[in-house]
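Protein chains in written order, with my numbering: chain A, 368 to 532; chain B, 368 to 532. Read through the structure below, which is laid out as structure tokens, and then see the notes.
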DNA sequence: AGATGTCTGTAACAATATTGCATTATTCTG
DNA sequence: CAGAATAATGCAATATTGTTACAGACATCT
């Protein structure tokens, strides 16, 4: 049993972020992608919440002094993060979240979205992907991308009445 | 083998639409939903294409004389069609398509989207849903909605080089 | 340093979706 | 059938999400 797939509310969030940033630098080095200061700061915004954030929400959380990043800049940076696999798009919400799992392609993964705390979690689901594959193959459909997003209530939110984050 | 899940290019599209409209009236009667002239015409637009159409695309295709439906009107009508189960939302494209299957809830269904011809098809995928359920249950996640959309190339488009519709 | 390519900034704009309120139809009740 | 209540549609404005085109800044490599 994978148990709760969402981060524990009491987890050490600071080190969780730093660890992810470290991994991100490694991954970018491997892939020859430049994780610039700006890109890292966008990734940090995503990592800070365990939620999926809209592009404009990222802009708001990013603005330090009075400076506001232009939409196009955020979208460009998001594109980079997406194609490096450091973040994913939540199609059902037009939003983006940082990837914490160690998967390569999105193959065999599924996304859980909690309606209570808005947090997002990824999980392995090879059986589901196998079943999908058998449907598509028997109908002659050549798959290029699979979107598997599940909305509901996470274990923490079900326990505590109040949202977990 | 379900074979090709998309409508044959040569199918009798006129009667296919009329049959679906007939079913829609039955369903609305059952559910005490009023399928007004305007709502039916929006449904017809969706049925006419076997594709997922954006709200503004519906507006364009709908305008007869010079009159253009306001966005809000289309969105309201779409909401009605969605909640009656006569149409579904394609989350990955912010678009909507008419439902041709006979399923009750969206449970156990999956959506195929062809990148070539832009057509949409639904398929039964009970095994995939079973596998998903086992992941969510073991992690204590209470599912309210599952989004399962698959992009790729349909059998017709793979055969013909040129898109099937 | 100079050439090249990548990254970021600025401004305008396109596409998608919603809010609030007014008006018209339809249904319900007496 | 009149009048009230409810549902459907119209209208205007605006919010949210995403893109295009072009210019300037920064890094990297000879």
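Virtual Cβ for every residue (Gly too), placed ideally from N, Cα, C.
Positions of the alpha helix (DSSP H) runs, each at least 4 residues long and wholly inside the region 395–423 of chain B, are given as 404–414 in order along the chain.
Within the same chain, 384 come within 7 Å of residue 415 of chain A by CB-CB distance, once the 5 residues on both sides are set aside. Neighbourhood of residue 445 of chain A in chain B, by CB distance below 8 Å: empty, with the nearest CB roughly 16 Å away.
Of all residues in the region 504–518 of chain B, only 505, 506, 507, 508, 509, 510, 511, 512, 513, 514, 515, 516, 517, 518 come within less than 8 Å of chain A when Cβ atoms are compared, listed by chain position.
Contact note: residue 520 of chain A reaches chain B through 508, 509, 511, using a C-beta cutoff of 8 Å and chain order. The closest CA to that of residue 476 of chain A, considering only B:503, B:525, B:387, B:411, is found on B:503. Close CB contacts of residue 372 of chain A within its chain, under the 7 Å cut and outside five residues either way in sequence, are with 479, 488, 490 (chain order). The three-state reading of DSSP puts residue 518 of chain A in strand, counting E and B together. Closest by C-alpha distance to residue 483 of chain B, out of A:509, A:520, A:522, is A:509. At least one CB of chain A lies nearer than 8 Å to the CB of residue 525 of chain B. Taking 8 Å as the upper bound for CB-CB distance, residue 531 of chain B and residue 376 of chain B are in contact here, some 5 Å apart.
Taking 8 Å as the threshold, the shortest C-beta distance from residue 487 of chain B to chain A does not fall below it. The region 407–425 of chain A makes contact with the region 451–470 of chain A: 3 or more CB pairs, one atom from each, lie closer than 8 Å. Three or more beta-carbon pairs separated by less than 8 Å are not found between the region 388–396 of chain B and the region 494–502 of chain B, which leaves the two stretches without contact. In terms of CA proximity to residue 431 of chain B, B:412 leads the group B:412, B:505, B:518. DSSP places residue 479 of chain B in the uninterrupted beta strand (DSSP E) bounded by 476–481. Below the 7 Å Cβ cutoff, chain A contributes 499, 502 as neighbours of residue 477 of chain B, in chain order. Of the residues B:445, B:438, B:428, B:426, the one whose Cα lies closest to the Cα of residue 403 of chain B is B:445. Boundaries of the alpha helix (DSSP H) around residue 495 of chain A: 493–505. If you look at residue 434 of chain A, you'll find it isn't in any alpha helix (DSSP H); DSSP assigns it neither H nor E. By a beta-carbon distance limit of 8 Å, residue 458 of chain A contacts residue 458 of chain B. Their separation comes to about 5 Å. Annotated as proximal: residue 400 of chain A and residue 447 of chain A, with beta-carbon spacing under 8 Å.
From the beta-carbon of residue 372 of chain A, the residues of chain B found nearer than 8 Å are 506, 508.
Around the beta carbon of residue 514 of chain B, 16 or more other beta carbons sit within 10 angstroms, so the residue counts as buried. In this structure, the beta-carbon distance from residue 417 of chain A to residue 486 of chain A falls below 8 Å. Taking all protein chains in view, the Cβ of residue 427 of chain B is surrounded by fewer than 16 other Cβ atoms within 10 Å, so the residue is classified as exposed. The DSSP-derived three-state label of residue 427 of chain A is helix. For residue 492 of chain B, the chain A residues whose C-beta falls within less than 8 Å of its own C-beta are 498, 499, 502, listed in chain order. In the three-state scheme derived from DSSP, where H, G and I count as helix and E and B as strand, residue 512 of chain B is classed as strand. Within the model, the alpha-carbon separation for residue 481 of chain B versus residue 474 of chain B is close to 22 Å. Bounds of the beta strand (DSSP E) holding residue 455 of chain A are 454–457.
Looking at the DSSP output, residue 489 of chain A bridges to A:478. Residue-level contact by beta carbon holds for residue 459 of chain A and chain B, with a gap shorter than 8 Å. Taking 8 Å as the threshold, the shortest C-beta distance from residue 454 of chain B to chain A does not fall below it.
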